[in-house]
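Residue numbering for the sequence shown follows our numbering, beginning at 271 and increasing consecutively.
All residues carry an ideal CB built from backbone N, CA and C; glycine is no exception.
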Amino acid sequence: MCHPAPPTPQGATMVVVESGNFNFSTEDSSGTNPSANDSVCDSLMNREKSELSRTGHTVVAVFLGVILLLGFLGNFFVLLLFARFQVLRTPINLILLNISVSDMLVCIFGTPFSFAASLYGRWLIGDQGCKWYGFANSLFGIVSRVSLAVLSYERYSTMVPYMKADPADYKKAWLAIAGSWLYSLVWTVPPFFGWSSYGPEGPGTICSVQWHQRSFGKISYVTCLFIFCILLPLLLMIICYGKILFVIRG
């Protein structure tokens, strides 16, 4: 339970007790005021409310373990096929390969950390690890979504005669792949420079963009991220596949 910290002598060290765990702060308590104590208390209480039970963490860990195993094996199999059969290396399939690579990177640099955190019921690799996890998952996720949108446009353009798309244009495919990574970096690097931030969310076993905070900078970043990295790729896919369906039905 969290209680307001009692007044402490100037220069003394404060000790905050939370759920039986002692957290020591070596900062000088001079100038400490009730509002600061209330802020700390609110933060601790909010974290307690968001925690899962041991069973909840176990269930999440099981699901993440299954996702990790199937995701790794599935994407590894795709990469193996591309390496084994040269006939598969068409421009459009290169975009599929890009999606598989980004998903594989999530399985390597993302999911294992949240899986381990769920097993132990807490985040294990510190603040910098949390930032890396949030950045990596955002980066690879946006690459996949943008690549799916590009793929839908490429498939549509090959079916529409007046667009004169060349299905053997490797240069265009590589530009699309490079563009997907550059576009993703444009939207995932800013939190390191003060436009929003990466941090823990939910039960504290995963990290992401701090979408729940209410400052103008964080709200503006999350809004832009939603529009340009989720909504626009989704709309492009809906439009392109809708037109493909229209062309097929003639």
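### Query
Exposed or buried, G404, counting other C-beta atoms within 10 Å across all chains shown (16 or more means buried)?
Stepping through the sequence shown from its first residue, residue 404 is reached at position 134. Residue burial annotation: G404 is buried, with at least 16 other C-beta atoms found within 10 angstroms of its C-beta.
#### Entry: Under the three-state DSSP convention, the category V479 falls into
What you label residue 479 is simply residue 209 of the sequence shown in a count that begins at 1. Shown here, V479 sits in a strand according to DSSP, grouped into three states.
### Query
If you follow the alpha helix (DSSP H) that P361 is part of, which residue opens it and which one closes it?
The residue labelled residue 361 in the question sits at position 91 within the sequence shown. Per DSSP, P361 belongs to the alpha helix (DSSP H) from P361 to F379.
### Task
Find the nearest neighbour of V420 within the set P461, I369 and G399, judged by alpha-carbon distance.
Residue 420 sits at position 150 when you count from the first residue of the sequence shown. In terms of CA proximity to V420, I369 leads the group P461, I369 and G399.
### Counted within 10 angstroms of its Cβ, other Cβ atoms place N307 as buried (16 or more) or exposed
Within the sequence shown, the letter at position 37 stands for residue 307. Annotation note: pLDDT 39 at N307 (below 50); position unreliable, no value reported.
### Query
For S384, which option in S467, G335, I518 and T493 has the closest C-alpha, if you only look at C-alpha atoms?
For the purposes of this step, residue 384 is identified with residue 114 of the sequence shown, where counting begins at 1. The shortest C-alpha separation from S384 is found at G335.
### Cβ contact check for the stretch 393–412 and the stretch 332–346: 3 or more pairs under 8 Å
Contact between the stretch 393–412 and the stretch 332–346 is absent: fewer than 3 CB-CB pairs across the two stretches fall below 8 Å.
### Query
Rounded C-beta distance between G487 and W451? I'm assuming under 8 Å.
Position 217 of the sequence shown, counted from the start, is the residue given in the question as residue 487. Position 181 of the sequence shown, counted from the start, is the residue given in the question as residue 451. Incorrect: roughly 25 Å between the Cβ atoms, too far for contact.
### Query
Quick one, which of T475, C377, I412 and S323 has its alpha-carbon nearest G449's?
Working through the sequence shown from its first residue, we reach residue 449 at position 179. The candidate whose alpha carbon is nearest that of G449 is I412.
#### Entry: From L515, M429 and G380, residue whose alpha carbon lies closest to that of N407
Reading the sequence shown from its first residue, position 137 is the one you call residue 407. Considering only alpha carbons, the answer is G380.
#### Entry: Coil, strand or helix - P473 by DSSP
Walking along the sequence shown from the start, residue 473 turns up at place 203. Residue state, collapsed to three classes: coil.
### Query
Can you tell me whether I508 is buried or exposed, with buried defined as 16 or more other CB within 10 angstroms of its CB?
Along the sequence shown, read from residue 1 onward, the residue named residue 508 stands at position 238. Around the beta-carbon of I508, fewer than 16 other beta-carbon atoms lie within 10 Å, marking it exposed.
### Query
Under a Cβ-count criterion, where at least 16 other Cβ atoms within 10 Å of its own Cβ denotes burial, should Y440 be classed as buried or exposed?
Here residue 440 corresponds to residue number 170 of the sequence shown, with the count starting at 1. Its Cβ having fewer than 16 others within 10 Å, Y440 is exposed.
### Task
Using a threshold of 9 Å, state whether the C-beta atoms of S226 and S478 are closer than that.
The structure shown does not extend to residue 226, since the chain spans only 271 to 520, so no value can be given for it.
### Query
Name the DSSP beta bridge partners of Y468, please?
By one-based count along the sequence shown, residue 468 stands at place 198. Partner(s): V479.
### Continuous alpha helix (DSSP H) stretch holding F516: start and end
Along the sequence shown, one-based indexing puts residue 516 at 246. Start and end: L502 to R519.
#### Entry: Endpoints, alpha helix (DSSP H) assigned at C494
As a position in the sequence shown, residue 494 is number 224, starting the count at 1. For C494, the enclosing alpha helix (DSSP H) starts and ends at F486 to F496.
### Message
Using only the alpha-carbon positions, how far apart do L351 and L367 sit?
### Response
Taking the first residue of the sequence shown as position 1, residue 351 is located at position 81. Taking the first residue of the sequence shown as position 1, residue 367 is located at position 97. CA-CA distance, L351 to L367, rounds to 10 Å.
### Message
Can you look up E424 in the DSSP assignment and give me helix, strand or coil?
### Response
As a position in the sequence shown, residue 424 is number 154, starting the count at 1. If DSSP states are grouped into helix, strand and coil, E424 belongs with the helices.
### Task
Grab me the residues of K513's own chain with a C-beta within less than 8 Å of its C-beta, minus the 5 sequence neighbours each way, in chain order.
Sequence index remark: in the sequence shown, residue 513 carries index 243 (1-based). The residues are Y426 and V430.
### Query
Could you give the residue range of the alpha helix (DSSP H) that holds L445?
Position 175 of the sequence shown, counted from the start, is the residue given in the question as residue 445. Element bounds for L445: Y440 to T458.
#### Entry: Alpha carbon of F333 to alpha carbon of R354, nearest angstrom
Counting from one through the sequence shown, the residue named residue 333 turns up at place 63. Counting from one through the sequence shown, the residue named residue 354 turns up at place 84. Whole-angstrom Cα-Cα distance: 31 Å.
### Query
Helix, strand or coil for W393 per DSSP?
Within the sequence shown, residue 393 is the residue found at index 123, counting from 1. Coil.
### Message
Going by C-alpha to C-alpha distance, which of I365, Q480 and L501 sits closest to G469?
### Response
If you number the sequence shown from 1, residue 469 lands on position 199. Out of I365, Q480 and L501, Q480 has the C-alpha closest to the C-alpha of G469.
### Query
Among R359, R324, I365 and L358, which has the Cα closest to the Cα of P390?
Indexing the sequence shown from 1 puts residue 390 at position 120. Contrary to the premise, residue 390 reads as Tyr rather than Pro in this sequence. Out of R359, R324, I365 and L358, R324 has the C-alpha closest to the C-alpha of Y390.
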